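There are 2 protein chains.
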Amino acid sequence: MTAQAIGPLFTDLYELTMGASYHQHGLVSDATFSLFVRNYPPHRNYFVAAGLEAILNELEGFRFSGSDIDYLKRTALFSDRFLAYLKDLRFSGEVFAMPEGTIFFPGEPVLEITAPIIEAQILEPFLLNTIGLSSMIATKSARCIHAAGNRPLIDFSLRRTQGTDAGLKVARSSYLAGFMATSNVLAGKTYGIPVSGTMAHSYVTAFNSESEAFSAYSRTFPDNSIFLIDTYDTLEGARQAAAVAREMKKTGHSLVGVRLDSGNMAELSRNVRKILDEAGLSEVKIFASGGFDEYKISAIIADGACIDAFGVGTKVGVSADAPYLNIVYKMVKFGGRNVRKLSSGKATLAGEKQVFRETDTDGRYLKDTVGLRSETMPKAAALLEPVMTAGRCLRPHPTLSAIRDRFKANFACLNDRFKSLDTPPAYPVALSPKLETLQTES
Amino acid sequence: MTAQAIGPLFTDLYELTMGASYHQHGLVSDATFSLFVRNYPPHRNYFVAAGLEAILNELEGFRFSGSDIDYLKRTALFSDRFLAYLKDLRFSGEVFAMPEGTIFFPGEPVLEITAPIIEAQILEPFLLNTIGLSSMIATKSARCIHAAGNRPLIDFSLRRTQGTDAGLKVARSSYLAGFMATSNVLAGKTYGIPVSGTMAHSYVTAFNSESEAFSAYSRTFPDNSIFLIDTYDTLEGARQAAAVAREMKKTGHSLVGVRLDSGNMAELSRNVRKILDEAGLSEVKIFASGGFDEYKISAIIADGACIDAFGVGTKVGVSADAPYLNIVYKMVKFGGRNVRKLSSGKATLAGEKQVFRETDTDGRYLKDTVGLRSETMPKAAALLEPVMTAGRCLRPHPTLSAIRDRFKANFACLNDRFKSLDTPPAYPVALSPKLETLQTES
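Dropping the structure here:
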């Protein structure tokens with residue numbers, strides 16, 4: 329199951345007014361657009377490609393509905409002739425892209441589309457929106473995975489993501505980058521991601537006492553309980569949880585864990601661990617949630633916290649320290665002519681491109697080169713692959729699980745020095761001589 | 329037309345596991361939950377309520393589909409008895425809420441729901457997500473409106489919003505707060521917002537020269553053209569635009585404007601204004617886009633820019649300097665008993681509430697008091713209204729245009745000293761003595 333199509337009106341008006349003008353003047357040649365991130369937001373030093381599957385599904389179903397055309401007619405901006413053209417429009421182009429889970433760097437195209445210019449142009453906002461959000465969250469999530477070491481992470485961000493679509497895409501992108509599960513039930517259904525979660529503070533306050541709440545919950549989920557212990561006093565909560573856990577043991581069940589959600593969690597976790605261990609409950613795990621991101625995870629581990637797994641929410645779900653990517657979609661070829669723009673601070677390179685990645689004998693990344701698509705570099709891997717021709721996918725989508733495995737393998741090939749959270753060295757990306765020469769010619 | 333229903337699986341798993349436990353133990357009494365923002369994010373000093381219409385539509389259509397139930401069954405977490413209960417579940421509760429466009433402050437409930445506890449609990453993530461995003465963007469947009477004075481603002485954020493749903497909600501929330509239009513065509517269709525936009529750099533580069541591009545565009549849209557003049561060199565672009573505008577005049581048409589999108593826009597705008605004026609084109613307006621938010625708008629106006637209208641994109645579309653609200657939904661009453669939690673730094677106040685606003689004789693806001701819903705304060709307006717009973721809306725939704733007017737009137741009643749972008753005084757919000765007394769009793 330996949331998320332629903334959004335349709336071609338998910339675009340900026342100027343894409344349609346430009347289209348109308350191209351149509352009137354007979355400018356209907358193929359154009360190639362290149363989608364890439366211009367530069368790093370603060371504290372970033374690599375990106376994780378995500379969002380391609382949603383793009384390809386949308387392209388295969390691309391069509392204006394009758395009510396879309398009626399709406400456009402009501403704007404009084406478009407000729408009947410252009411509206412008739414839109415009504416019959418299907419996406420007929422080709423797509424080259426990096427597979428989801430690929431690590432990429434600024435200036436490297438993640439995706440290139442070649443199609444009749446009007447089709448390619450209308451798609452711009454959807455492509456940027458989809459690849460931008462998914463890659464931004466996959467990147468933020470990868471940073472958390474690196475910071476957490478082997479401790480599992482669970483996506484808790486649903487309530488604070490920016491809208492319902494983001495709720496789904498954040499769950500998918502964080503799982504792709506290595507999260508263990510999500511609290512988001514719809515994401516579980518839509519993408520097959522494992523779902524996780526037990527109780528909130530309101531559950532505890534709905535009973536006359538904390539102990540009664542824990543006990544009631546354990547009767548409903550005797551083998552799946554995690555008690556939230558900070559509603560009133562965390563250490564007293566830990567003692568109540570331990571007492572109920574010992575009762576559970578008598579009937580052959582086991583408490584999975586307790587969860588901390590407030591206070592000085594490094595210190596509390598150590599004291600809670602002590603309470604659990606002294607009660608003979610060393611198997612009961614300690615979960616923590618509340619404002620975690622890569623920085624807080626890294627700091628609390630350094631502080632000696634006894635935390636086995638983290639619920640990660642808001643700050644990852646909106647990529648709070650870098651809530652957008654400077655992601656762009658630029659025409660690089662039109663009607664056989666390579667084109668570029670020179671705007672101050674926003675220049676773009678002409679020509680259809682490929683990204684070549686050189687690795688050492690262990691597969692570790694050494695250096696990337698952005699070159700022309702027509703180039704070959706025998707010792708390097710070409711990262712962009714043809715994925716769609718004449719508007720149809722060339723193969724079934726990889727499973728989310730396969731994408732997750734791909735990312736994990738890729739991430740292991742990126743030297744840890746590039747994964748530092750704060751002041752990493754820049755991964756080397758060069759331009760090929762042929763690409764450089766083309767710029768002086770176009 | 330409204331956005332599509334997302335359905336009850338747009339929730340966190342723990343809402344359903346808690347529900348299963350309540351169901352097993354027969355805890356089915358009514359609960360009241362209160363939705364509010366705990367505190368200000370950086371640089372904020374008021375909030376604008378938005379998102380209620382989407383909430384009410386979702387509540388009226390609330391039901392688990394057959395495939396939702398099948399999915400939940402496959403998780404192996406829930407009894408058949410509980411799944412049968414969910415299958416028949418409809419939202420049967422009541423909703424009190426501030427109308428959209430109301431200005432509110434931290435600690436003030438924007439919405440309170442009273443319903444059987446399982447229903448009220450399942451809705452939590454959807455309510456927080458929807459009110460949170462919409463109110464955050466309406467607030468950010470209001471700050472831009474204040475900074476821009478009488479200059480019109482247009483939402484250009486679609487490509488960088490966090491997902492497709494955010495694209496729609498940002499267009500609606502910014503229009504609600506006073507933006508003039510959006511570039512987002514789907515938002516135009518869905519909400520009836522005016523749409524705006526003309527050309528991108530790719531249009532200019534698709535022609536052999538800038539002049540040819542402008543001229544071609546003016547033939548398609550003789551009365552609706554705004555030329556983007558920074559593709560190669562902004563001042564040369566202005567001269568080319570002026571030449572084409574003079575040609576347009578000969579046939580009785582008029583260039584609407586030119587757009588700047590890069591470079592030192594304060595200085596460029598003054599020089600472009602001079603070029604246009606010297607060409608006898610004082611009626612041609614100057615639009616600017618590129619990284620604008622309330623801070624950049626305020627700074628460029630202070631710098632004497634000759635800019636007539638702003639395209640506002642990314643930084644407003646993700647509320648970049650404060651990309652989430654600390655918005656929460658807390659149980660304050662259950663089965664006739666007022667409840668609260670005491671967690672460190674996250675305490676909540678028991679009891680169903682009302683917000684009372686006192687104004688001066690000119691209607692200007694003086695002070696708010698959060699009290700009990702059962703209280704009356706004769707000289708103050710009660711901001712929360714009943715909007716839904718037994719799961720049905722009490723009246724038709726106000727139009728977006730009426731909501732926009734409401735906000736404009738409200739905003740005029742908030743003293744300008746609370747609208748400063750950086751270090752404003754805090755608007756006074758007190759607790760009523762009765763609400764305070766209740767806390768010591770619960």
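Chains as they are written, first to last, in the working numbering: chain G, 329 to 770; chain B, 329 to 770. Every residue, glycine too, gets a C-beta built ideally from N, C-alpha and C. These numbers come from a predicted model, not from an experiment.
Alpha carbon to alpha carbon, how far is residue j from residue i? Give it in angstroms, no decimals.
i                : j                : result
Met329 (chain G) : Ser469 (chain B) : For Met329 (chain G), the pLDDT reaches just 45, beneath the cut-off of 50, and the residue's location in the model is therefore unreliable, leaving the point undetermined.
Glu575 (chain B) : Ser582 (chain B) : 9 Å
Thr526 (chain G) : Leu337 (chain B) : 16 Å
Leu728 (chain G) : Phe735 (chain G) : 10 Å
Phe684 (chain G) : Ser407 (chain B) : 53 Å
Lys747 (chain G) : Ile655 (chain G) : 21 Å
Ile383 (chain B) : Val376 (chain B) : 16 Å
His725 (chain B) : Glu428 (chain B) : 10 Å
Glu764 (chain B) : Glu564 (chain G) : 26 Å
Ala359 (chain B) : Ala678 (chain B) : 12 Å
Leu455 (chain B) : Thr339 (chain B) : 10 Å
Gln352 (chain B) : Asp416 (chain B) : 16 Å
Gly354 (chain G) : Leu414 (chain G) : 15 Å
Arg391 (chain B) : Gly335 (chain G) : 25 Å
Leu400 (chain B) : Pro522 (chain G) : 12 Å
Tyr755 (chain G) : Lys695 (chain G) : 7 Å
Ala505 (chain G) : Arg692 (chain G) : 19 Å
Ala541 (chain G) : Ala630 (chain B) : 59 Å
Leu344 (chain B) : Ala737 (chain G) : 35 Å
Thr697 (chain G) : Glu538 (chain B) : 32 Å
Val356 (chain G) : Gly516 (chain B) : 27 Å
Met593 (chain B) : Asp636 (chain B) : 12 Å
Which whole-angstrom value describes the C-beta separation of residue i and residue j, a residue pair presumed to lie in contact below a C-beta threshold of 8 Å?
i                : j                : result
Ala569 (chain G) : Val586 (chain G) : 5 Å
Ala648 (chain G) : Asp621 (chain G) : 7 Å
Val640 (chain G) : Phe484 (chain G) : 6 Å
Thr467 (chain B) : Leu496 (chain B) : With 8 Å as the limit, Thr467 (chain B) and Leu496 (chain B) do not qualify as a contact, their Cβ atoms being about 18 Å apart.
Leu486 (chain G) : Ser463 (chain G) : Not quite, the Cβ-Cβ distance comes to about 20 Å (not below 8 Å), so this is no contact.
Glu386 (chain G) : Ala333 (chain G) : 6 Å
Glu447 (chain B) : Gly477 (chain B) : At roughly 46 Å, the Cβ-Cβ gap does not stay under 8 Å, so Glu447 (chain B) and Gly477 (chain B) are not in contact.
Val660 (chain G) : Phe361 (chain G) : 7 Å
Arg479 (chain G) : Phe638 (chain G) : 6 Å
Leu772 (chain B) : Leu700 (chain B) : This structure gives no information on residue 772 (chain B), because the portion of chain B shown stretches from 329 to 770.
Ser502 (chain B) : Ile465 (chain B) : 6 Å
Glu680 (chain B) : Ala708 (chain B) : That pair is no contact at about 17 Å.
Ser349 (chain G) : Thr548 (chain B) : 4 Å
Let me check one thing: in DSSP terms, what residues is residue i bridge-paired to?
i                : result
Met659 (chain G) : G:Phe361
Ser546 (chain G) : Beta-bridge pairing links Ser546 (chain G) to no other residue.
Gly585 (chain G) : G:Ile554 and G:Lys613
Ile450 (chain G) : None, per the DSSP bridge assignment.
Ala758 (chain B) : B:Thr697
Glu422 (chain B) : B:Thr442
Lys681 (chain G) : G:Leu700
Could you have a look at residue i and say whether DSSP puts it in helix, strand or coil?
i                : result
Pro444 (chain G) : strand
Pro336 (chain B) : coil
Leu461 (chain B) : helix
Lys747 (chain B) : coil
Leu439 (chain G) : strand
Phe433 (chain G) : coil
Tyr560 (chain G) : coil
Ala534 (chain B) : coil
Thr579 (chain G) : coil
Asn738 (chain G) : helix
Gly591 (chain G) : coil
Met329 (chain G) : Residue confidence for Met329 (chain G) is low, a pLDDT of 45 falling below 50, so the modelled location carries little weight; the figure read from the coordinates is stated next. Here Met329 (chain G) sits in coil by DSSP.
Glu540 (chain B) : helix
So is the beta-carbon of residue i under 6 Å away from any non-hydrogen atom of the ligand FMN?
i                : result
Gly354 (chain G) : You won't find the ligand FMN in this model; it holds no ligand whatsoever.
Which residue spans inside the stretch 338-410 of chain B form an unbroken beta strand (DSSP E) run of at least 3? 358-365
Segments assigned beta strand (DSSP E), at least 3 residues, entirely inside the stretch 463-532 of chain B: 481-483
Unbroken beta strand (DSSP E) runs of length 3 or more, entirely within the stretch 685-734 of chain B: which are they? 693-700 and 713-717
In the stretch 594-669 of chain G, which residue ranges form an unbroken alpha helix (DSSP H) of at least 4 residues, counting only runs that do not cross its ends? 622-630 and 642-645
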